[in-house]
Amino acid sequence: MAMAVAPKTIWNQHQLTIILTLIQIIFLIVFILFSEHSAGAQPGRTPEIEAPVKYTDFQDIHLALVLGFAFLIAFLRRYSYASFGFTLLLTALTIEWALIIRGLASEEFANSKNGRFPISIYSLVKADFTAAVVLIAFGALAGKLSPVQYLIVALAAGGASIGNECLVLKSLGIQDVGGSAVVHLFGAIFGIVAAKILSKPTWKNQQDYGSVYHSDLISFIGAGVLWVFFPAFNAVNTVADARYRAIINSYVALVASAVAAFLTSQFLSKIKHFNIRHVVSASLAGGVALGATANILLHPWHAFVVGSIAGIVSILSFVFITPKLDAKWGVHDSRGVLSLHGIPGFIGIVASAAFLALYPDNTYPVNSKIIAAERDNLGQAGIQLLAIIVTIAVAAIAGVITGFILNVKIWNQVLPENLFSDNQFFALPEDFDFTSRVIGQIDHVEISKQPVLPVGPTTSGTQEEMINLTSAEAIAEETKVSEVTHTQETPAV
1 MAMAVAPKTI
11 WNQHQLTIIL
21 TLIQIIFLIV
31 FILFSEHSAG
41 AQPGRTPEIE
51 APVKYTDFQD
61 IHLALVLGFA
71 FLIAFLRRYS
81 YASFGFTLLL
91 TALTIEWALI
101 IRGLASEEFA
111 NSKNGRFPIS
121 IYSLVKADFT
131 AAVVLIAFGA
141 LAGKLSPVQY
151 LIVALAAGGA
161 SIGNECLVLK
171 SLGIQDVGGS
181 AVVHLFGAIF
191 GIVAAKILSK
201 PTWKNQQDYG
211 SVYHSDLISF
221 IGAGVLWVFF
231 PAFNAVNTVA
241 DARYRAIINS
251 YVALVASAVA
261 AFLTSQFLSK
271 IKHFNIRHVV
281 SASLAGGVAL
291 GATANILLHP
301 WHAFVVGSIA
311 GIVSILSFVF
321 ITPKLDAKWG
331 VHDSRGVLSL
341 HGIPGFIGIV
351 ASAAFLALYP
361 DNTYPVNSKI
371 IAAERDNLGQ
381 AGIQLLAIIV
391 TIAVAAIAGV
401 ITGFILNVKI
411 WNQVLPENLF
421 SDNQFFALPE
431 DFDFTSRVIG
441 QIDHVEISKQ
451 PVLPVGPTTS
461 GTQEEMINLT
471 SAEAIAEETK
481 VSEVTHTQET
491 PAV
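Residue 163 in full-length UniProt numbering sits at position 163 of the sequence shown, with consecutive numbering throughout.
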């Protein structure tokens with residue numbers, strides 16, 4: 001059966017090239033006219049000690065973004081190239097975009113005598129935080145959009161998240177050093193709302209929406225990368241004692257959520273097996289929840305409790321909430337970002353408010369800036385809760401608008417037969433269909449004794465370890481289809 005091909009117009013064939021070239025030209029002009037190195041990077045200057053940011057923290061965060069998120073999404077057995085390729089593309093584009101927006105909106109630019117904004121290591125770290133928002137939203141939409149549509153998601157989610165930061169961090173003055181609200185909750189809400197607006201019947205029951213053994217293992221590697229480097233994400237915006245507290249609290253919460261994830265996964269299983277996809281994601285929930293509390297919690301056991309709750313609730317969400325959202329509300333969350341990022345982020349903000357309300361006033365020194373100068377602990381707790389409402393509202397509105405923009409027919413779309421597959425947008429090796437689809441449809445491989453027909457004068461008896469493939473007909477049929485479709489012209493990007 002021949003694969004449908006997009007119309008061969010210049011716009012359809014070169015859409016990504018045209019749009020990405022225009023974006024890069026505009027970004028380059030802005031960098032030329034308005035950017036400069038920070039004072040410590042100027043020739044002849046003594047390098048600044050950019051407290052609280054260290055280059056090692058930046059490396060940790062950057063590694064977690066490019067590898068951790070890409071590996072997580074690679075659980076889709078036919079979407080590995082896209083998982084890594086689009087993660088890199090969206091990260092790079094978002095960092096450029098964030099440097100420009102944050103620079104033009106900065107106080108340094110407003111007070112600059114030469115009309116330029118400085119770029120420092122701290123600027124790069126903040127841009128990475130914006131990229132994390134985009135990658136979380138990408139997780140909800142993975143496998144369902146074209147590259148051009150992902151570019152729009154990056155620009156929209158990145159810009160809206162920076163606007164939300166200005167509202168809740170600067171105007172409201174909340175504590176959210178690791179981004180429980182401004183990164184995780186925002187990215188998850190934006191992604192699932194956009195997915196709802198874009199929802200199509202063809203997204204349901206897709207044969208390529210699934211994993212095989214090795215793709216789940218790759219996802220586990222991604223979780224491991226994020227799990228190891230997560231404390232840097234929560235500590236990079238803190239200083240002095242708060243920094244040490246953030247690192248310790250984050251590790252305690254991460255180990256607690258990992259143990260809680262395994263415990264809960266087996267408890268909820270009827271046959272008492274671990275669901276590896278749930279465990280992989282929920283093990284990170286403690287780090288997500290500590291984003292708003294890493295510098296606030298004053299006892300390790302407080303972090304232990306928050307991490308455990310986040311891990312348990314994340315598993316419960318995967319088991320009970322995510323399937324119902326898809327079945328009843330048409331919200332298809334490809335990677336389960338609501339359960340991994342949204343709900344743990346919500347728990348983190350609520351926990352920050354609860355502990356601030358419980359701790360006595362004057363717990364923190366004035367120069368810590370954990371409690372705003374004009375507030376007491378209870379007042380700060382109330383503002384923390386208000387940030388949840390603001391963040392959800394801004395993310396939902398931005399997600400709705402972006403969803404409607406993406407639905408406009410001028411953008412290249414993913415063909416129904418190529419959902420959750422690299423096939424439409426990447427040059428693939430010859431074994432792509434066999435290794436990603438055919439193997440995934442084998443019911444089981446059974447090692448057994450089977451009689452062997454004699455083929456010569458010395459051949460007799462039985463043969464050990466014969467492979468019994470119970471879906472041979474399906475394999476043959478898929479291979480035939482692959483040979484036909486693989487030769488067809490690939491649609492435009």
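The beta carbon of each residue, even a glycine, is placed where N, CA and C say it ideally should be. A quick note: this is a predicted structure, and the numbers were derived from the prediction, not measured.
Between Pro300 and the set Leu263, Val252, Ala353, Ser269, the nearest pair of CA atoms involves Val252. Here the C-alpha atom of Ser283 lies approximately 11 angstroms from the C-alpha atom of Pro344. Counting every other CB atom within 10 Å of its CB across the protein chains shown gives Lys324 a total below 16, marking it as exposed. From the listed residues Val366, Ile371, Gly336, the smallest Cα separation to Ala353 is found for Ile371.
The C-alpha of Val182 is placed about 20 angstroms away from the C-alpha of Val239.
The closest CA to that of Tyr55, considering only Ala232, Pro429, Gly379, is found on Ala232. Between the C-alpha atoms of Ser199 and Tyr244 there is a straight-line separation of about 44 angstroms.
In this chain, the alpha helix (DSSP H) harbouring Ser281 covers 276-282. Apart from sequence neighbours up to five positions away, the residues of its chain that approach Leu135 with a beta-carbon distance below 6 angstroms are Phe69, ordered along the chain. Three or more Cβ pairs closer than 8 angstroms define a contact, and the segment 84-101 falls short of that threshold against the segment 252-272. Non-local beta-carbon contacts of Asp326 in its own chain, meaning distances under 6 angstroms to residues more than five positions away in sequence, involve His332 in chain order.
For Ala156 against Thr402, the beta-carbon gap comes to about 4 angstroms, under 8 angstroms, which counts as contact.
Around the beta carbon of Thr91, 16 or more other beta carbons sit within 10 angstroms, so the residue counts as buried.
Asp60 sits away from Phe220, with the two beta carbons spaced by 7 angstroms or more. CA-CA distance, Thr202 to Asn12, rounds to 22 angstroms. Boundaries of the beta strand (DSSP E) around Ser35: 35-37.
The DSSP-derived three-state label of Phe117 is strand. The beta carbon of Ala395 is closer than 6 angstroms to those of Phe186, Ile189, Phe190 in its chain, skipping five residues each way along the sequence.
Rounded to the nearest whole angstrom, the C-alpha separation of Phe58 and Ile349 is 24 angstroms. Boundaries of the alpha helix (DSSP H) around His214: 213-235.
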